[in-house]
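Student: For the record, the sequence lines run as chains H and G. Those letters in the first sequence? Residues -4 to 298, by my numbering. Those letters in the second sequence? Residues 456 to 768, by my numbering. Just dropping this structure here.
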Amino acid sequence: METAIISGKGGTGKSCIAAAFASLLNPVVLADCDVETANLFLLFDPLPEETQVFIGGRSAHIDGTLCTNCGLCMEYCRYDAVYLSDGQVAIDEANCEGCGLCSRVCPRQAIAMVDNDKSRLYSGSFRHGQMIYARLAPGEDNSGKLVGLVREKASALALDKQIEDILIDGPPGIGCPVMSAITGVDRVVIVTEPSMSGLLDLQRLLEVVNGFGPSTWVILNKHDLHPAMARRIESFCRKSGIAIAGKLPFDPLVPEAMVHCKSIIEWAPHSGVARELKKIWNTITNQTDNNLWKHKTRVSTPD
Amino acid sequence: MTTHAARNDLAFRIAIASGKGGTGKTFVATNLFYSLLKQNIPVTLADCDAEGPNDAIFFPGRPVRSLPVTRRTPVIDERICTFCGKCRQFCSFHAIFMLPVSRVIRCMDELCHGCGACLYACDAGAISEKEVQMGELNVFSVTRTARIVESRMQPGFPSPVTLIKAAIREAGHANTPLPGHSVLPGHTVLLDAPPGIGCPFVQTVSLADYVILVTEPTPFGLSDLKQSVECLQTMEKPFGVVLNRAGTGNDGVNEYLDKEGFPLLMEIPFEREIAFNYARGRLVCKSWPGFQHALVKMHELIRRTYGNGHHQR
Ligand code: SF4
Ligand code: SF4
């Protein structure tokens, strides 16, 4: 069973909830697909047993000894990435999208496309099973592809170690990385919080998730921070036919656990939040097993 | 990694960034914007999170205009195409889909970056280009001297970078010109940076004159901060740190800043009340003069130290 935890924007407590579920499932394969800002390794301190290089796109590099400053590349580049620095043609790395047109048009073959090879994929064991996480180097592209790679690795490990459950901590946003993270999973859990932007994000996310077909659940985190908005989100979910798996109160114990590099289940197993999380996990697993695929989502307009 | 994009505005750009979302980046950006506009300091807030713009929710502004942002995309004429496959070979983003036997060839918009390499590749003259809309910029007027430029991407495009650049350019010119000036000299542009550390983030901070990193006192916050700092240092960007929810968590961030000698611009204490108000879409600084004052002071300090906008690079 593959479960993906996603949240639209960051800061809803998605990673903390993923960490909690990971400690309930023993053993688990935990795939940290939040590749731009991987965090779970800080909590679980896995033993990296394998490292892989990930090529995150390419960028142009000019050989000044070959370049005659003809400026043809500058004419063709659509990203303002080629500029003159003291009369010498140069590449602006922040602007370069790696399309390679400049290296194609250069009559002197002075421009080479170089792989961006600073990103890494790690896998290893941790106290609740196996863990895969990645570090995308700043400005490198293809985080969707890296997410796909993390998941592939997770499936391979699950098979190899005979572990049944794969838990995916998803990337933020609604773009290509999120789609890579939820394609083909059995359950999607969306973590949201009671604010206007929380509701908007939830709606945007559902448009993406809808079409994918897995059973979808919503966790309303910190619901007591804004009860009226929490009710609005609940009624939106009801209207859209999305099940609310549970609601969690705002509790300082959660950040406290994180500071001590523990999940809330490990840090305060008898706290209200921990008990609620256990209940939520049971709800999700029991229901999903019973009526997998019957649980279609439907997006309606906001009220 | 430095950027040398041509500048033709007189604005001073401050990016507000944080590695992961939820540390209070938008919180700082919107409250700083409000505090400055209250002082009648000319300011424009550019929401560069094109995949989920949220800033405008906080301000009942008057929509001034909406500008479509387009990108070029190739159109391939199957009747002229010889199916030589050169365009596919030239495309770095695997956006050309081709079935020679059934004579099918097309560009997949959701992968295409609009770079023009295929157009250059085709010897048969089968490729032309058309403009497609990838998103829009919405400009709101909040007061006479304060505006918001919101970038909003349509789903199904691979990268918001073009849109972000357009938003920042627009923000530099968005304020009311004074008589005799084409733009308001030295006005402040705040860039609410997109989350993550990918291309959209790098593009935004690369166009900034100064970066405010917002973080929180937890191991997650510290790890994200270190990652952002590393990135800003390779770009040679001056930066300072705002610590949100100070007093909770641990001292890791403070110790790190002390050790490295990085400036701590401000600590925002944690109060349940703040979280309550923020969740309700309220601007906390409205009912908290001390916070407002501190934000104005912080802006003053940054501008005094790092210049008054128009400077040649
Ligand atoms: S414009 Fe560039 S990215 Fe788009 S199909 Fe052509 S070569 Fe590929
Ligand atoms: S390069 Fe031109 S002729 Fe060759 S496959 Fe592409 S479109 Fe067809």
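Where a beta carbon is used, it is the ideal one built from N, C-alpha and C, also for glycine.
Could you check whether the Cβ of Phe731 (chain G) sits closer than 8 Å to any Cβ belonging to chain H?
Tutor: Taking Cβ atoms only, chain H reaches closer than 8 Å to Phe731 (chain G), which makes this a yes.
Student: Please classify Ala223 (chain H): is it buried, with 16 or more other beta-carbons within 10 angstroms of its beta-carbon, or exposed?
Tutor: Ala223 (chain H) is exposed by the Cβ-count criterion.
Student: Within the same chain, show all residues whose beta-carbon is closer than 6 Å to that of Val519 (chain G), passing over the 5 residues directly before and after it, in chain order.
Tutor: Only Val594 and Ser596 meet the Cβ criterion.
Student: For the alpha helix (DSSP H) that Ser490 (chain G) lies in, which residues bound it at each end?
Tutor: Where Ser490 (chain G) is concerned, the enclosing alpha helix (DSSP H) stretches over Lys480 to Lys493.
Student: Do we get a CB-CB distance below 8 Å when we pair Ala153 (chain H) with the residues of chain G?
Tutor: No, because no Cβ of chain G sits closer than 8 Å to the Cβ of Ala153 (chain H).
Student: Can you tell me where the alpha helix (DSSP H) with Gly193 (chain H) in it begins and where it stops?
Tutor: Met191 to Val204 is the span of the alpha helix (DSSP H), which, as asked, contains Gly193 (chain H).
Student: Shorter than 7 Å, the distance from the beta carbon of Gly119 (chain H) to the closest heavy atom of ligand 2, or not?
Tutor: Answer for Gly119 (chain H): no, Cβ out of range of ligand 2.
Student: Would Ser190 (chain H) count as contacting chain G if we go by Cβ distances under 8 Å?
Tutor: True, the Cβ-Cβ gap to chain G drops below 8 Å.
Student: Between which two residues does the beta strand (DSSP E) containing Gly241 (chain H) stretch?
Tutor: Its beta strand (DSSP E) spans residues Ala238 to Lys242.
Student: Any idea what DSSP makes of Pro632 (chain G), helix, strand or coil?
Tutor: Residue confidence for Pro632 (chain G) is low, a pLDDT of 47 falling below 50, so the modelled location carries little weight; the figure read from the coordinates is stated next. Coil.
Student: Below 8 Å on the Cβ atoms is my guess for Leu574 (chain G) versus Glu584 (chain G); work out the distance and round it to an integer in Å.
Tutor: About 6 Å; that satisfies the 8 Å criterion.
Student: Output yes if chain G places a C-beta closer than 8 Å to the C-beta of Met224 (chain H); else output no.
Tutor: Cβ-Cβ to chain G under 8 Å: yes for Met224 (chain H).
Student: What residues are listed by DSSP as bridge partners for Arg182 (chain H)?
Tutor: Paired residue(s): H:Thr(-2) and H:Ser210.
Student: If Arg53 (chain H) sits next to Val109 (chain H), beta carbons under 8 Å apart, how far is it from one beta carbon to the other, in whole angstroms?
Tutor: About 6 Å; that satisfies the 8 Å criterion.
Student: Are there any heavy atoms of ligand 2 lying less than 7 Å away from the beta-carbon of Lys585 (chain G), as far as the coordinates show?
Tutor: Checking every heavy atom of ligand 2 against the Cβ of Lys585 (chain G), none is found closer than 7 Å.
Student: Find the nearest neighbour of Cys232 (chain H) within the set H:Glu202, H:Ile106 and H:Gly119, judged by alpha-carbon distance.
Tutor: Closest by alpha carbon: H:Glu202.
Student: What does the shell around ligand 1 hold, if a residue joins when its beta-carbon is under 6 Å from any heavy atom?
Tutor: That gives H:Cys94, G:Pro529, G:Phe545, G:Cys546, G:Phe548, G:Ala550, G:Ile551, G:Cys562, G:Cys567, G:His568, G:Gly569, G:Cys570, G:Gly571, G:Ala572 and G:Cys573.
Student: Please tell me whether, using a cut-off of 7 Å, the distance from the CB of Lys541 (chain G) to the nearest non-hydrogen atom of ligand 2 is below it.
Tutor: Because some heavy atom of ligand 2 lies under 7 Å away, the Cβ of Lys541 (chain G) counts as near it: yes.
Student: Are the C-beta of Thr528 (chain G) and some C-beta of chain H separated by less than 8 Å?
Tutor: Chain H contact via Cβ: absent.
Student: For a contact defined as C-beta to C-beta under 9 Å, what are the partners of Ser547 (chain G) on chain H?
Tutor: Going along chain H in sequence order, the residues near Ser547 (chain G) (Cβ under 9 Å) are Gly52, Arg53, Glu92, Gly93, Cys94, Gly95, Leu96 and Met108.
Student: Between Gly3 (chain H) and chain A, is there a C-beta pair that is closer than 8 Å?
Tutor: Absent here is chain A; the protein component of the structure consists of chains H and G.
Student: What residue range is occupied by the uninterrupted alpha helix (DSSP H) comprising Tyr74 (chain H)?
Tutor: Segment: none, Tyr74 (chain H) is in no alpha helix (DSSP H) and carries neither H nor E.
Student: With DSSP collapsed to three states, give me the class of Val638 (chain G).
Tutor: Any reading at Val638 (chain G) must be qualified, since the residue scores a pLDDT of 46, below 50, and its modelled position is unreliable; the value itself is stated next. Here Val638 (chain G) sits in coil by DSSP.
Student: Measuring from the CB of Cys577 (chain G), is there a heavy atom of ligand 2 at a distance below 7 Å?
Tutor: Yes, the beta carbon of Cys577 (chain G) sits closer than 7 Å to at least one heavy atom of ligand 2.
Student: From Tyr665 (chain G) to Gly641 (chain G), what distance separates their C-alpha atoms?
Tutor: Each residue's Cα considered, the two are about 14 Å apart.
Student: Taking beta-carbon pairs under 9 Å, can you tell me which members of the stretch 98 to 130 of chain H lie near chain G?
Tutor: Residues Arg99, Val100, Met108 and Arg130.
Student: Keeping to the same chain, check which residues put their C-beta closer than 8 Å to that of Ser742 (chain G); ignore five residues upstream and five downstream.
Tutor: Cβ within range, chain order: Asn732.
Student: Would you say His642 (chain G) lies against chain H (beta-carbon separation less than 8 Å)?
Tutor: Not closer than 8 Å to any Cβ of chain H, the Cβ of His642 (chain G) fails to qualify, so no.
Student: Looking at the secondary structure, which residues open and close the alpha helix (DSSP H) in which Thr689 (chain G) lies?
Tutor: Per DSSP, Thr689 (chain G) belongs to the alpha helix (DSSP H) from Pro674 to Thr689.
Student: For the beta strand (DSSP E) holding Ile259 (chain H), just list the boundary residues, first then last.
Tutor: Not the beta strand (DSSP E): Ile259 (chain H) falls in the alpha helix (DSSP H), residues Ile259 to Trp262.
Student: For Thr499 (chain G), report the span of its alpha helix (DSSP H) as first-last.
Tutor: Careful: Thr499 (chain G) lies outside any alpha helix (DSSP H), inside the beta strand (DSSP E) at Val498 to Asp502.
Student: Roughly how many angstroms lie between the CA atoms of Val644 (chain G) and Gly716 (chain G), to the nearest whole one?
Tutor: One C-alpha to the other measures close to 27 Å.
Student: Scan the stretch -4 to 65 of chain H and note each continuous alpha helix (DSSP H) run of 4 residues or more that stays entirely inside, going in chain order.
Tutor: 9 to 19 and 35 to 39, all fully within the stretch -4 to 65 of chain H.
Student: Taking the alpha carbon of Asn21 (chain H) as the point to measure from, which residue in H:Val254, H:Glu159 and H:Leu194 has its own alpha carbon closest?
Tutor: It is H:Glu159.
Student: Going by alpha carbons, who is nearest to Glu(-3) (chain H) out of H:Ile239, H:Ala153 and H:Phe39?
Tutor: It is H:Ala153.
Student: By the 10 Å Cβ neighbour count, where 16 or more other Cβ atoms means buried, how is Ile214 (chain H) classified, buried or exposed?
Tutor: By the neighbour-count rule (16 or more Cβ atoms within 10 Å), Ile214 (chain H) is buried.
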